[in-house]
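Engineer:
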Amino acid sequence: MNYSIQGIRLFLLLFVTIQIAQAQYTETINTNNPGRSQGAFAVGKGVAQIEGSLFYRAEEHLLQRYERDYLGTSFQLRYGAITEKLEFSIFGTYNSINQTDFNGTVSTDTSFSNFSRFTVGGKYLVFDPYQFFGEKKVNLLSWKANNRLDWRDLIPAVSVYAGANFDFSENNLLTPPDDASISPRLELITQNNWGRWVFVTNFVADRIATDFPSYQWLLTMTHSLNNKWAIFAEYQGLKSDFYSDDLGRGGVTYLVTKDWQVDTSITLNFKDTPTVFQVNVGMSYRLDFHKDTPIQQTSDPEADGKKEKKKKKKNKLNLEGEGGGI
Numbered sequence: 206m207n208y209s210i211q212g213i214r215l216f217l218l219l220f221v222t223i224q225i226a227q228a229q230y231t232e233t234i235n236t237n238n239p240g241r242s243q244g245a246f247a248v249g250k251g252v253a254q255i256e257g258s259l260f261y262r263a264e265e266h267l268l269q270r271y272e273r274d275y276l277g278t279s280f281q282l283r284y285g286a287i288t289e290k291l292e293f294s295i296f297g298t299y300n301s302i303n304q305t306d307f308n309g310t311v312s313t314d315t316s317f318s319n320f321s322r323f324t325v326g327g328k329y330l331v332f333d334p335y336q337f338f339g340e341k342k343v344n345l346l347s348w349k350a351n352n353r354l355d356w357r358d359l360i361p362a363v364s365v366y367a368g369a370n371f372d373f374s375e376n377n378l379l380t381p382p383d384d385a386s387i388s389p390r391l392e393l394i395t396q397n398n399w400g401r402w403v404f405v406t407n408f409v410a411d412r413i414a415t416d417f418p419s420y421q422w423l424l425t426m427t428h429s430l431n432n433k434w435a436i437f438a439e440y441q442g443l444k445s446d447f448y449s450d451d452l453g454r455g456g457v458t459y460l461v462t463k464d465w466q467v468d469t470s471i472t473l474n475f476k477d478t479p480t481v482f483q484v485n486v487g488m489s490y491r492l493d494f495h496k497d498t499p500i501q502q503t504s505d506p507e508a509d510g511k512k513e514k515k516k517k518k519k520n521k522l523n524l525e526g527e528g529g530g531i
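With our numbering, you'll find the sequence shown wraps up at 531, consecutive numbering, no jumps.
1) Given a cut-off of 8 Å, decide if residue 489 and residue 254 are closer than it, judged by their beta-carbon atoms.
2) Answer yes or no: do residue 369 and residue 389 have a C-beta to C-beta separation smaller than 8 Å?
3) Please check the pair residue 481 and residue 262, which I expect to be a contact at CB under 8 Å, by giving their CB distance rounded to whole angstroms.
4) Determine the extent of the alpha helix (DSSP H) in which residue 475 is found, giving its start and end residues.
5) Please work out which residues of its chain come closer than 7 Å, Cβ to Cβ, to residue 286, disregarding the five sequence neighbours upstream and downstream, and give them in chain order.
6) By DSSP, does residue 450 sit in helix, in strand, or in coil?
7) Closer than 6 Å by C-beta to residue 477: which residues in its own chain qualify, once you throw out the five before and the five after it? Chain order, please.
8) Should the segment 306-314 be called in touch with the segment 328-345, which here means at least 3 C-beta pairs below 8 Å?
9) With 16 as the cutoff for other CB atoms within 10 Å, does residue 149 come out buried or exposed?
10) Given this structure, state the Cα-to-Cα distance separating residue 319 from residue 339, to the nearest angstrom.
11) Taking all protein chains shown into account, decide if residue 400 is buried (16 or more other Cβ within 10 angstroms of its Cβ) or exposed.
12) To the nearest angstrom, how far is the alpha carbon of residue 242 from that of residue 270?
13) Rounded to the nearest angstrom, what separates residue 486 and residue 492 at their Cα positions?
14) How many Å lie between residue 238 and residue 462 at the Cα?
15) Between the alpha carbons of residue 428 and residue 437, how many angstroms are there, rounded?
16) Determine the direct distance from the alpha carbon of residue 417 to that of residue 331, and round the result to whole angstroms.
17) Can you tell which of 494, 441 and 446 has the C-alpha that lies nearest to the C-alpha of residue 475?
18) Measure the C-alpha to C-alpha separation of residue 405 and residue 247 and round it to an integer number of angstroms.
19) For a quick check, are the C-beta atoms of residue 435 and residue 245 less than 8 Å apart?
20) On the CB-based measure, 16 or more other CB atoms within 10 Å of its CB, does residue 425 come out buried or exposed?
21) Please report the straight-line C-alpha distance between residue 473 and residue 496, rounded to a whole angstrom.
22) So is residue 289 buried or exposed if we call it buried at 16+ other beta carbons inside 10 Å?
Below, the structure is given as structure tokens:
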């Protein structure tokens, strides 16, 4: 019957999805691009991954009367090691900027280049709801029952990230003045997987214990249209004495192969000090050296089977004995 075939297909799909989530490693590339948030799950033990993008950014500051044109690149190098829950990473953003300052009828052009971010750190998954609650029961006869929202779906996976920012440049206009050469960065990361929808939050404390600490919050929603295409929307808030902003971001991704993804996105903000318009074109690629943990098998299955039968028989006798007296 048709409903039986559909039920079997649904069961297989859910089973594969659950197994992927429990193992951390995914059959297709797990990338943070094109958003600026991190997902809670690591790339997988033995997986090396590079995520990069080229961008153009235009800024206009009405109060300080300048215009900036950025050409730059941002990148992430990620590697899963030791355990499926642990990931080491390097984040970087390099900018080449042309700035025009307006003073009455006179304008002055300057240019400079530098890193606005170079961070080395690690992420660890501290809570995985798939492993904690176990597999969901699948109803082969009811699509509605399998897709009904469960209270457990509201409990996210949780990761923590700790890293260090490095800035050894003098007079870097893209970082706070007299910024420390090394400063800490901490993040709390959550992720909910709702079928084709994925919701990620990042809460960031950056350059803490310096004169210009920065606090960020990112909310990212991704929706898979099919096995190849996905769209996303993201909100990023920043608060510090050096730079504060509210940024909206949206884009699309395309999965070329299971190890290669391309993407594009647009970023806008909601103020004029300065206004921001940015276009990104990026890609992600992984080198997959992941190996599944081998399943331990007994050396003598027949002997183990006999032991199991004896154990069940013994348990049955014990239960009968416990229930015999008054």
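Here a beta-carbon is modelled for each residue, glycine too, at the ideal position from N, C-alpha and C. These numbers were taken from a predicted model, which means no experiment stands behind them.
Structural biologist: Concretely, from the data shown:
1) Taking the sequence shown and counting its residues from 1, one reaches residue 254 at position 49. Taking the sequence shown and counting its residues from 1, one reaches residue 489 at position 284. Yes, these two residues count as a Cβ contact at 8 Å.
2) As a working note, residue 369 is residue 164 in the sequence shown. As a working note, residue 389 is residue 184 in the sequence shown. Contact flag set, yes.
3) Position 276 of the sequence shown, counting from 1, holds the residue named residue 481. Position 57 of the sequence shown, counting from 1, holds the residue named residue 262. With a Cβ gap of about 7 Å, residue 481 and residue 262 count as contacting.
4) Taking the sequence shown and counting its residues from 1, the one referred to as residue 475 is at position 270. It is not in any alpha helix (DSSP H) - residue 475 carries neither H nor E in the DSSP assignment.
5) On the sequence shown, residue 286 is found 81 positions in, with the first residue counted as 1. Correct list, in chain order: 250 and 293.
6) What you label residue 450 is simply residue 245 of the sequence shown in a count that begins at 1. DSSP places residue 450 in strand when its eight states are reduced to three.
7) For the purposes of this step, residue 477 is taken as the residue at position 272 of the sequence shown. Within the same chain, residue 477 has close Cβ partners 267.
8) no
9) The structure shown has nothing for residue 149, since the chain only spans 206 to 531.
10) Start at 1 with the first residue of the sequence shown, and residue 319 comes out as number 114. Start at 1 with the first residue of the sequence shown, and residue 339 comes out as number 134. Distance between the alpha carbons of residue 319 and residue 339: 48 Å.
11) Counting from one through the sequence shown, the residue named residue 400 turns up at place 195. Counting Cβ neighbours within 10 Å, residue 400 comes out exposed, since fewer than 16 surround it.
12) The count along the sequence shown starts at 1 and reaches residue 242 at position 37. The count along the sequence shown starts at 1 and reaches residue 270 at position 65. C-alpha separation (whole angstroms): 31 Å.
13) The count along the sequence shown starts at 1 and reaches residue 486 at position 281. The count along the sequence shown starts at 1 and reaches residue 492 at position 287. When rounded, the distance between both Cα atoms is 21 Å.
14) Position 33 of the sequence shown, counted from the start, is the residue given in the question as residue 238. Position 257 of the sequence shown, counted from the start, is the residue given in the question as residue 462. So the alpha carbons of these two residues sit roughly 16 Å apart.
15) Residue 428 sits at position 223 when you count from the first residue of the sequence shown. Residue 437 sits at position 232 when you count from the first residue of the sequence shown. When rounded, the distance between both Cα atoms is 6 Å.
16) Within the sequence shown, numbered from 1, the residue matching residue 331 stands at position 126. Within the sequence shown, numbered from 1, the residue matching residue 417 stands at position 212. Roughly 29 Å separates the two Cα atoms.
17) The sequence position of residue 475 within the sequence shown is 270, counting from 1. Per the Cα distances, 441.
18) The count along the sequence shown starts at 1 and reaches residue 405 at position 200. The count along the sequence shown starts at 1 and reaches residue 247 at position 42. Computed Cα separation, rounded: 14 Å.
19) Counting from 1 along the sequence shown, the entry for residue 435 is found at position 230. Counting from 1 along the sequence shown, the entry for residue 245 is found at position 40. No, the pair does not count as a contact, with Cβ atoms beyond the cut-off.
20) Counted from its first residue, the sequence shown places residue 425 at position 220. By the neighbour-count rule (16 or more Cβ atoms within 10 Å), residue 425 is buried.
21) The residue labelled residue 473 in the question sits at position 268 within the sequence shown. The residue labelled residue 496 in the question sits at position 291 within the sequence shown. Looking at the two C-alpha atoms, the distance is approximately 41 Å.
22) Numbered from its first residue, the sequence shown carries residue 289 at position 84. Classification of residue 289: buried, given that the 10 Å Cβ count is 16 or more.
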